[in-house]
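Student:
In our numbering, the protein residues as written are 325 to 1070.
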């Protein structure tokens, strides 16, 4: 009887369970199945893992936020920053693609082959296929990973898409400059297409909706549909704002109606749209139960472009340059998990630091992420401890060379007459008969980068640069066939170099005796692994033995003044170690060194341009040496701590510091991989793909192997024609002016 009585109860229970499962929404079923699959394949979820929301803004300058400039109305950003930690010594890259690549990979661009410019829509290039990414490491730690907004890291094949780089979902644009309403993106005249994607498909039918609002709505939808108690969340909200074109909704322009400059008025209105977007996301975090266990990071990707309404004042330079205005970024961290809140951090931080910091915060494992250039700076941000970072390599771009003929530093010759320099330093003056040689050398060097004959650690070094004194000769060049394979193997895990000049360590400062490598996925990476494992350590040892570590690598100024005290004894003469025509920049301690052409270096003050450069142009220039005297200058040195606005160039007064920082550049350059900058592929034309920008290369096609090195447009035909006429000069002037104006849209 008891069994018979219990039978209806059991039957009823089974029916109720079946009924519930049958009537459960399909979306919930798919969601739970996805979570179960992820949890079964990935690392088990740990307790107290914080939800991470990273908000990346495009082209917001140092002076484009309320707590730096009260005329910009950003109440939400000001409040979040005031309650968190403002990062006032934080650095990014001067343009979009490099910054985003360093955020996603945690490596300098010299280690990813993206040293030169951005990835254009028609270029068959993207992140290295074998290199791990931030969302991949977070997903392994049990996180759900989502990206909304601008990608701009290549899409020529499906393996390059965000969903193939560690994100569970993606909604946004793949190219760099997209219309805010029509979602059209152009890569030159007549080469335009639709660019809005949902996962790996084109999201048609969204025309007329403002992108900042659309992206915010998708971010809130993700927060609403995800269960914060079930699984931690990583959300990268990469807004297109405040990048050109300047297209704010009219309602946001009204509060800035008193601004005389129309471009500045529209730009400020777009900053207000960002502020509202962050307010809506913060509200959703509180509403859906994320906030108390969340970390929100806010960061720009590069400096602002003053000629299109942005402002980096009082910093020098603009977007696209290596002056402070191009690389010092606006950033803050807001989180209830911060141990010391409501403060300003002056610790030296870099965008590569987010990779190990966020993975470590999530309880993930970065032991397999070899060659990281970032550090775990969470104790620095949360507790106010000293930053483990002592230096930043801003970049080394061997394709961007200055055609100057300046004497000194790299062009000194052993057989030339000596010239006494300040501080007792001695330099060699090049012979007059060699004045015209650098131009020929420049062409040869550009060609040599296409087929490097040495290992990848030396591929970007100038071919004829002299080695450090007492260095053993480098290994003999490989055969031609090897150079071709090596140029294809442009990517590979690279050893990290500390400010002390010690052997490589990981991003968490854990020492190891030799560089380790992760498993590669392509033949190109396997070749890179085999060669670098033999070439790198020997070359690094030679470099370290050539000069004492204290003399070359352990220099750091501890003075806080803008004019450091001169040395009382003469500085020993060093042989040339760096080609100063190469565009490069490095920060070591308080010191910052720039070589080559760092970009447009004026200070653009608060009174923005009404039309064309006015009185302020000459006003600001008079505070520095005459501009014409700097036209052929290739080395700059600044004490950024004492002179954050780069007003006093100390290169002539501190040649000892210059030499030490040049040695650091040469040391980093040994770990660089060849630049990968392929030509445009006509198959990328959106007209061939239904009018949209989509991947155009098959997965089994070795597109990257086609280009050995880099692509450079030849200009020989123009050089042969020597026309001496005023009309020709006038046409050339307007051509350069138009090119400069178009480059502002990058």
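By construction, the Cβ of each residue, glycine as well, lies at the ideal position given by its N, Cα and C atoms.
For a quick check, are the C-beta atoms of residue 557 and residue 376 less than 9 Å apart?
Tutor: Against the chain shown, residue 557 aligns to sequence position 233. Against the chain shown, residue 376 aligns to sequence position 52. Cβ distance < 9 Å, so residue 557 and residue 376 count as in contact.
Student: If you draw a straight line from the C-alpha of residue 904 to the C-alpha of residue 969, how long is it?
Tutor: For the purposes of this step, residue 904 is taken as residue 580 along the chain shown, with counting starting at 1. For the purposes of this step, residue 969 is taken as residue 645 along the chain shown, with counting starting at 1. Approximately 23 Å, taken between the alpha carbons.
Student: DSSP on residue 1025, reduced to helix/strand/coil?
Tutor: Counted from its first residue, the chain shown places residue 1025 at position 701. In this structure, residue 1025 counts as coil in the three-state DSSP scheme.
Student: Only counting the same chain, and skipping five residues up and downstream in sequence, which positions put a Cβ closer than 7 Å to that of residue 590?
Tutor: Looking up residue 590 in the chain shown gives position 266. If we look at residue 590 and ignore the five residues flanking it on each side, its Cβ neighbours are 570, 572, 577 and 633.
Student: Excluding the five sequence neighbours on either side, which residues of its own chain have a C-beta within less than 7 Å of the C-beta of residue 473, listed in chain order?
Tutor: Position 149 of the chain shown holds residue 473. 496, 539, 561, 562, 563 and 564, listed in sequence order.
Student: Give every residue of the same chain whose Cβ lies closer than 6 Å to the Cβ of residue 592, excluding the five residues on either side of it in the sequence, and list them in chain order.
Tutor: Working through the chain shown from its first residue, we reach residue 592 at position 268. Cβ within range, chain order: 396 and 580.
Student: Pick helix, strand or coil for residue 413, following the three-state DSSP scheme.
Tutor: What you label residue 413 is simply residue 89 of the chain shown in a count that begins at 1. Coil.
Student: Measure from the alpha carbon of residue 711 to the alpha carbon of each residue in 915, 698, 407 and 512, then state which is nearest.
Tutor: In the chain shown, counting from the first residue as 1, residue 711 sits at position 387. Of the candidates 915, 698, 407 and 512, the one whose C-alpha sits nearest the C-alpha of residue 711 is 698.
Student: Sorted by chain position, which residues of the same chain lie with C-beta nearer than 7 Å to residue 640's C-beta, five sequence neighbours on each side aside?
Tutor: Start at 1 with the first residue of the chain shown, and residue 640 comes out as number 316. The residues are 647, 648, 649, 925, 927, 969 and 970.
Student: With a threshold of 9 Å between beta carbons, is residue 552 in contact with chain D?
Tutor: Absent from the structure: chain D. Only one protein chain is present.
Student: Can you give me the start and stop residues for the alpha helix (DSSP H) that residue 916 sits inside?
Tutor: On the chain shown, residue 916 is found 592 positions in, with the first residue counted as 1. From DSSP, residue 916 is part of no alpha helix (DSSP H) but of the beta strand (DSSP E) over 915-919.
Student: Give the secondary structure of residue 594 by DSSP, where H, G and I count as helix, E and B as strand, and everything else as coil.
Tutor: Here residue 594 refers to the residue found at position 270 when the chain shown is read from its first residue. DSSP places residue 594 in helix when its eight states are reduced to three.
Student: Would you kindly report the start and end of the unbroken alpha helix (DSSP H) that includes residue 420?
Tutor: Numbered from its first residue, the chain shown carries residue 420 at position 96. Its alpha helix (DSSP H) spans residues 420-429.
Student: Which residues bound the beta strand (DSSP E) around residue 907?
Tutor: Here the question's residue 907 lines up with position 583 in the chain shown. Counting along the chain, the beta strand (DSSP E) containing residue 907 begins and ends at 906-912.
Student: What residues are listed by DSSP as bridge partners for residue 525?
Tutor: Start at 1 with the first residue of the chain shown, and residue 525 comes out as number 201. According to DSSP, which records beta bridges pairwise, residue 525 is partnered with 522.
Student: Between the C-alpha atoms of residue 476 and residue 511, what's the straight-line distance to the nearest angstrom?
Tutor: Along the chain shown, one-based indexing puts residue 476 at 152. Along the chain shown, one-based indexing puts residue 511 at 187. Taking the straight line joining both Cα atoms gives about 13 Å.
Student: Check the C-beta distance from residue 445 over to residue 1017 and give it rounded, since I have them as a contact under 8 Å.
Tutor: Reading the chain shown from its first residue, position 121 is the one you call residue 445. Reading the chain shown from its first residue, position 693 is the one you call residue 1017. Right, their Cβ atoms sit about 6 Å apart.
Student: May I ask you to report which of helix, strand or coil DSSP gives residue 550?
Tutor: Mapped onto the chain shown, residue 550 falls at position 226. Coil at residue 550, not helix or strand.
Student: List the endpoints of the continuous beta strand (DSSP E) containing residue 407.
Tutor: The residue you call residue 407 lines up with position 83 of the chain shown. Per DSSP, residue 407 belongs to no beta strand (DSSP E); it is in the alpha helix (DSSP H), 399-407.
Student: Starting from residue 667 and walking both ways along the beta strand (DSSP E), at which residues does that stretch end?
Tutor: As a position in the chain shown, residue 667 is number 343, starting the count at 1. Element bounds for residue 667: 667-669.
Student: Going along the chain, which unbroken runs of the beta strand (DSSP E) with 3 or more residues stay wholly within the stretch 587-644?
Tutor: Counting whole runs of 3 or more residues, the stretch 587-644 contains the beta strand (DSSP E) stretches 618-624.
Student: Below 6 Å CB to CB, which residues in the same chain sit around residue 599 once its five sequence neighbours on both sides are set aside?
Tutor: As a first step, residue 599 is located in the chain shown; it is residue number 275 there, counting from the start. Excluding residues within five positions, the ones whose Cβ falls inside 6 Å are 398, 400 and 401.
Student: From residue 382 to residue 653, what does the alpha carbon distance come to, in whole angstroms?
Tutor: Within the chain shown, numbered from 1, the residue matching residue 382 stands at position 58. Within the chain shown, numbered from 1, the residue matching residue 653 stands at position 329. Approximately 11 Å, taken between the alpha carbons.
Student: Which residues mark the beginning and the end of the alpha helix (DSSP H) in which residue 574 is found?
Tutor: Taking the chain shown and counting its residues from 1, the one referred to as residue 574 is at position 250. Its alpha helix (DSSP H) spans residues 574-577.
Student: Can you tell me the Cα-Cα spacing of residue 709 and residue 482, whole angstroms?
Tutor: Position 385 of the chain shown holds residue 709. Position 158 of the chain shown holds residue 482. Their Cα atoms are separated by approximately 42 Å.
Student: Less than 9 Å separating the beta-carbons of residue 725 and residue 923?
Tutor: The residue you call residue 725 lines up with position 401 of the chain shown. The residue you call residue 923 lines up with position 599 of the chain shown. Contact flag unset, no.
Student: Does the separation of the CB atoms of residue 543 and residue 605 fall below 9 Å?
Tutor: Looking up residue 543 in the chain shown gives position 219. Looking up residue 605 in the chain shown gives position 281. Taking 9 Å as the Cβ cut-off, residue 543 and residue 605 qualify as a contacting pair.
Student: Can you give me the Cβ contacts of residue 456 inside the same chain, cut-off strictly under 6 Å, excluding the 5 residues immediately before and after it?
Tutor: Stepping through the chain shown from its first residue, residue 456 is reached at position 132. Result list for residue 456: 693, in chain order.
Student: With C-beta atoms as the reference, is residue 421 less than 9 Å away from residue 679?
Tutor: For the purposes of this step, residue 421 is taken as the residue at position 97 of the chain shown. For the purposes of this step, residue 679 is taken as the residue at position 355 of the chain shown. No; because the gap between Cβ atoms is not below 9 Å, this pair is not in contact.
Student: List the endpoints of the continuous beta strand (DSSP E) containing residue 719.
Tutor: Position 395 of the chain shown, counting from 1, holds the residue named residue 719. Start and end: 715-725.
Student: Rank 611, 664 and 683 by C-alpha distance to the C-alpha of residue 462 and give the top, closest one.
Tutor: Here residue 462 corresponds to residue number 138 of the chain shown, with the count starting at 1. Cα-wise, what sits closest to residue 462 is 683.
Student: Could you tell me which of 642, 621 and 624 sits nearest to residue 631, measuring between CA atoms?
Tutor: Taking the first residue of the chain shown as position 1, residue 631 is located at position 307. Taking only the C-alpha atoms, the option nearest residue 631 is 642.
Student: Residue 709 by DSSP, collapsed to three states: which one?
Tutor: The residue given as residue 709 occupies position 385 in the chain shown. Residue state, collapsed to three classes: coil.
Student: Hey, residue 608 and residue 548: beta-carbon distance below 9 Å or not?
Tutor: For the purposes of this step, residue 608 is taken as residue 284 along the chain shown, with counting starting at 1. For the purposes of this step, residue 548 is taken as residue 224 along the chain shown, with counting starting at 1. Yes, these two residues count as a Cβ contact at 9 Å.
Student: Please confirm whether residue 687 and residue 465 have their CB atoms less than 9 Å apart.
Tutor: Here residue 687 corresponds to residue number 363 of the chain shown, with the count starting at 1. Here residue 465 corresponds to residue number 141 of the chain shown, with the count starting at 1. Yes, the pair counts as a contact, with Cβ atoms nearer than the cut-off.
Student: Give a yes or no on whether the C-beta atoms belonging to residue 602 and residue 379 are separated by under 9 Å.
Tutor: Walking along the chain shown from the start, residue 602 turns up at place 278. Walking along the chain shown from the start, residue 379 turns up at place 55. Yes.
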